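Numbering (this note's numbering), first residue to last: 8 to 374.
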């Protein structure tokens, strides 16, 4: 790109000639204070002139050409222009454990967000705390850090960069988390047009995630956006993404099936070696870790209930009926002993009888 300034010769419109400014008769360091002051004044005037000319030139230049010819460090016009369309994308799920349907949905989420210049939010939840304060049950055995590490590894496959293209957070409450996600955008970006169009999209997996249960989150998110941009048009959307059919002909994975497959391996004694190859292949290097974390609730049962038969019954009841076992430590109950009453009724009867006899005796004596 050539700038609209002639550095080779002077003119009435451009009195500051480049070679005259820098090729002086006397080097700057040898000038006396009076001459240095005059030279400094000319240099400052020249710099100011260049700044004004460059600003005017950039304002008249095509935006696409600016992107082609300037780096982000040289010219940043994004923050000086008002944003007319703002997009938010988020996903909420337990992912215990993550499976191919989840990953497919998350890749679609991040790609959609990137295309619209947005940063996607991925909220990973867990189940409710149990009486002992532990959230890791047979329904929710995987740690947050493990889920996050696996998701990051899968999103790396599409070139997505954590904290740049997407955020992964452990869910506290979906209402507060999504509201903070949207509110923080307006705190960090003051270039949203008053009449902007704001689109909030909840991306959900087609099998395990029931988006309708979380529809109220969109209401809160919409309110936050409206408060920050009162004149903006805010729209919300729930998009369900179905996983692609398996190329191997297997049924689509589900988190419940993955967990129960591990518990069946425990019951039949085959362990990790007997785990289905497709699960090992999907989880790759993290397969042993995920397998062991799914077994965590079983190890906990082993510590609390020493009876192997009771443990197997609890696991089988979960696999077949979906009933979570109790994690209360069993105590040996002492048999109840019957206590024999020692004549309470007889004593009462005798006391009443004695009163009647006493009254009869008194009446006889009066006669």
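In this text, a Cβ means the ideal position worked out from N, Cα and C, and glycines have one as well. Keep in mind that this is a model prediction, so the values were computed, not measured.
query, result
"Under 8 Å, do residue 133 and residue 147 count as touching if we go by C-beta distance?", "yes"
"What span of residues does the alpha helix (DSSP H) with residue 244 cover, start to end?", "Not the alpha helix (DSSP H): residue 244 falls in the beta strand (DSSP E), residues 240–248."
"With a CB to CB cut of under 8 Å and the five nearest residues on each side skipped, what residues in its chain are close to residue 30?", "Confidence at residue 30 is low in this model, with a pLDDT of 36, below 50, so its placement is unreliable and the value that follows should be read with caution. Within the same chain, residue 30 has no close Cβ partners at all."
"Per DSSP, residue 292 forms a beta bridge with which residues?", "Answer by DSSP bridge pairing: none, since residue 292 is not bridged."
"Give the straight-line distance between the Cα atoms of residue 295 and residue 194, rounded to the nearest whole angstrom.", "42 Å"
"Residue range of the alpha helix (DSSP H) that residue 273 falls in?", "262–275"
"Near residue 330, what residues of its chain come up, given a Cβ to Cβ distance below 8 Å and the 5 sequence neighbours on each side ignored?", "324"
"What do you get for residue 242, buried or exposed, if any count of 16 or more other CB atoms within 10 angstroms of its CB means buried?", "exposed"
"Can you pull the DSSP bridge partners for residue 206?", "94, 242"
"Using the C-alpha atoms, what's the distance from residue 157 back to residue 91?", "36 Å"
"Please check the pair residue 145 and residue 304, which I expect to be a contact at CB under 8 Å, by giving their CB distance rounded to whole angstroms.", "5 Å"
"Quick check: residue 183 and residue 205, are their CB atoms within less than 8 Å of each other?", "no"
"Among the candidates 151, 327, 95, 191, whose CA atom is the shortest distance from the CA of residue 102?", "151"
"Would you say residue 377 and residue 260 are within 8 Å of each other, going by their C-beta atoms?", "Nothing about residue 377 can be reported from this structure: the residues present for the chain run from 8 to 374 only."
"Look at the alpha carbon of residue 302 and the alpha carbon of residue 269, and state the distance between them as a whole number of angstroms.", "7 Å"
"Residue 197 by DSSP, collapsed to three states: which one?", "coil"
"Three-state secondary structure (DSSP) at residue 183?", "helix"
"Can you tell me the Cα-Cα spacing of residue 165 and residue 114, whole angstroms?", "7 Å"
"Helix, strand or coil for residue 102, going by three-state DSSP, please let me know.", "coil"
"Could you tell me which of 105, 110, 122 sits nearest to residue 96, measuring between CA atoms?", "122"
"Excluding the 5 residues flanking residue 105 on each side, which residues of the same chain have their C-beta closer than 7 Å to its C-beta?", "154, 157, 158"
"Out of 186, 263, 312, state which residue places its alpha-carbon closest to the alpha-carbon of residue 207.", "186"
"Which stretch, first to last residue, makes up the alpha helix (DSSP H) that contains residue 236?", "Neither: residue 236 is in no alpha helix (DSSP H) and is coded neither H nor E."
"Could you pull out every residue in the same chain whose Cβ sits closer than 7 Å to the Cβ of residue 110, ignoring the five residues on either side in sequence?", "161"
"How many angstroms separate the CA atom of residue 180 from the CA atom of residue 94?", "22 Å"
"Less than 8 Å separating the beta-carbons of residue 326 and residue 267?", "yes"
"Short of 6 Å in beta carbon distance, which residues of its chain neighbour residue 141, apart from the five on each side in sequence? Order them along the chain.", "none"
"Which residue from 100, 48, 47 puts its Cα closest to that of residue 219?", "100"
"Please state the DSSP three-state secondary structure of residue 165.", "helix"
"Which residue marks the beginning of the alpha helix (DSSP H) containing residue 177, and which one marks its end?", "No alpha helix (DSSP H) contains residue 177, which is instead part of the beta strand (DSSP E) from 173–177."
"Assuming residue 210 contacts residue 173 (C-beta within less than 8 Å), just tell me the rounded distance between them.", "Contact flag wrong, Cβ pair sits at about 11 Å."
"Quick one: grab the DSSP three-state call for residue 129.", "strand"
"Residue 212 by DSSP, collapsed to three states: which one?", "strand"
"Around the C-beta of residue 332, are 16 or more other C-beta atoms found within 10 angstroms, so that it is buried, or is it exposed?", "buried"
"Nearest to residue 297 by alpha carbon, out of 192, 149, 119?", "149"
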